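Trainee: Take a look at this one; I'll ask things after.
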Amino acid sequence: MTVNARSRARSWALNLLYGWELSDGSLGPTDFAEEALAHRTIAARYRPYALQLIGAVEKDLAAVDRIISDYAANWRVERIGVIDRNILRIGIVELRVLEGVPPRVAIHEAVRLATRYGGAESPRFVNGVLDAVYREVAPTE
């Protein structure tokens with residue numbers, strides 16, 4: 096998968112996680128994404144990585160949200176905006192769960208998503224949280 100394809104897949108994962116959070120909650124993130132993708136036009140090359148990200152978020156949602164709480168000083172997860180919260184979730188699973196994504200790339204891509212879809216302070220907030228998580232994951236680098 097090309098770098099650009101992964102970037103697009105991250106954007107789709109964010110879009111689908113956002114939709115899931117705004118839904119009625121009757122489906123989990125992966126089931127919501129599968130149903131949503133049945134009615135959307137998305138290139139086949141983006142689907143596998145987008146679904147892998149969503150599946151990793153769903154599988155470790157409680158642990159990922161705990162990490163966000165631990166590193167987002169003075170912020171409860173539910174008070175963080177939906178976009179920023181899901182960008183952090185994607186970044187954390189790329190840093191801590193998925194193999195093959197260099198940590199700096201995961202952080203850069205999360206900041207890029209925050210710049211594109213978040214508020215004015217989102218890029219700095221996302222970078223700060225993920226950088227702190229990264230320093231704990233790879234303190235020797």
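Here my numbering = 1-based position in the sequence shown + 95.
Just so it is clear, CB atoms sit at the ideal spot from N, CA and C, and this is done for glycine as well.
The model shown is predicted, which means the values in this text are computed figures rather than measured ones.
Should residue 145 be labelled buried (16 or more other beta-carbon atoms within 10 Å of its own) or exposed?
Mentor: Reading the sequence shown from its first residue, position 50 is the one you call residue 145. Counting Cβ neighbours within 10 Å, residue 145 comes out buried, since at least 16 surround it.
Trainee: Roughly how many whole angstroms lie between the Cα atoms of residue 111 and residue 128?
Mentor: As a first step, residue 111 must be located in the sequence shown, where it is residue number 16. As a first step, residue 128 must be located in the sequence shown, where it is residue number 33. Distance between the alpha carbons of residue 111 and residue 128: 6 Å.
Trainee: Using the three-state DSSP reduction, which class does residue 181 fall into: helix, strand or coil?
Mentor: Indexing the sequence shown from 1 puts residue 181 at position 86. Reduced to three states, the DSSP call for residue 181 is helix.
Trainee: Going by C-alpha distance, which of 165, 171, 108 is nearest residue 141?
Mentor: Your numbering for residue 141 matches position 46 in the sequence shown. Here the closest residue by C-alpha is 108.
Trainee: My assumption, with CB atoms under 8 Å, is that residue 151 sits in contact with residue 188. Please give the rounded CB distance.
Mentor: Locating residue 151 in the sequence shown gives position 56, counting from the first residue. Locating residue 188 in the sequence shown gives position 93, counting from the first residue. Yes, they are in contact, since the Cβ atoms of residue 151 and residue 188 sit about 4 Å apart, within 8 Å.
Trainee: Can you tell me whether residue 235 is buried or exposed? The criterion is at least 16 other CB atoms within 10 Å of its CB, across all chains shown.
Mentor: Stepping through the sequence shown from its first residue, residue 235 is reached at position 140. Legend: pLDDT at residue 235 = 47, less than 50; position of this residue unreliable, value from coordinates given subsequently. Its Cβ having fewer than 16 others within 10 Å, residue 235 is exposed.
Trainee: Give me the Cβ distance between residue 205 and residue 186, rounded to the nearest whole Å; I'm assuming they're in contact under 8 Å.
Mentor: As a first step, residue 205 is located in the sequence shown; it is residue number 110 there, counting from the start. As a first step, residue 186 is located in the sequence shown; it is residue number 91 there, counting from the start. Between residue 186 and residue 205 the Cβ distance is about 4 Å, and since that is below 8 Å, they are a contact.
Trainee: Going by C-alpha distance, which of 124, 118, 219 is nearest residue 156?
Mentor: On the sequence shown, position 61 is the one that residue 156 refers to. Out of 124, 118, 219, the CA that lies nearest to the CA of residue 156 is found in 124.
Trainee: Closest to residue 101 by CA distance: which of 154, 191, 196 is it?
Mentor: Locating residue 101 in the sequence shown gives position 6, where the first residue counts as 1. Here the closest residue by C-alpha is 196.
Trainee: If I follow the unbroken alpha helix (DSSP H) through residue 161, where does it start and stop?
Mentor: Here residue 161 refers to the residue found at position 66 when the sequence shown is read from its first residue. Looking at the DSSP string, the run of the alpha helix (DSSP H) that includes residue 161 is 156-166.
Trainee: Please report how far the alpha carbon of residue 192 lies from the alpha carbon of residue 160, in whole angstroms.
Mentor: If you number the sequence shown from 1, residue 192 lands on position 97. If you number the sequence shown from 1, residue 160 lands on position 65. Taking the CA atoms as reference points, residue 192 sits about 14 Å from residue 160.
Trainee: Do residue 164 and residue 172 have their C-beta atoms within less than 8 Å of each other?
Mentor: As a working mapping, residue 164 is identified with position 69 in the sequence shown. As a working mapping, residue 172 is identified with position 77 in the sequence shown. Contact: yes.
Trainee: DSSP on residue 210, reduced to helix/strand/coil?
Mentor: The residue given as residue 210 occupies position 115 in the sequence shown. Helix.
Trainee: Roughly how many angstroms lie between the CA atoms of residue 114 and residue 207, to the nearest whole one?
Mentor: In the sequence shown, residue 114 corresponds to position 19, counting from 1. In the sequence shown, residue 207 corresponds to position 112, counting from 1. Straight-line Cα distance between these residues: approximately 20 Å.
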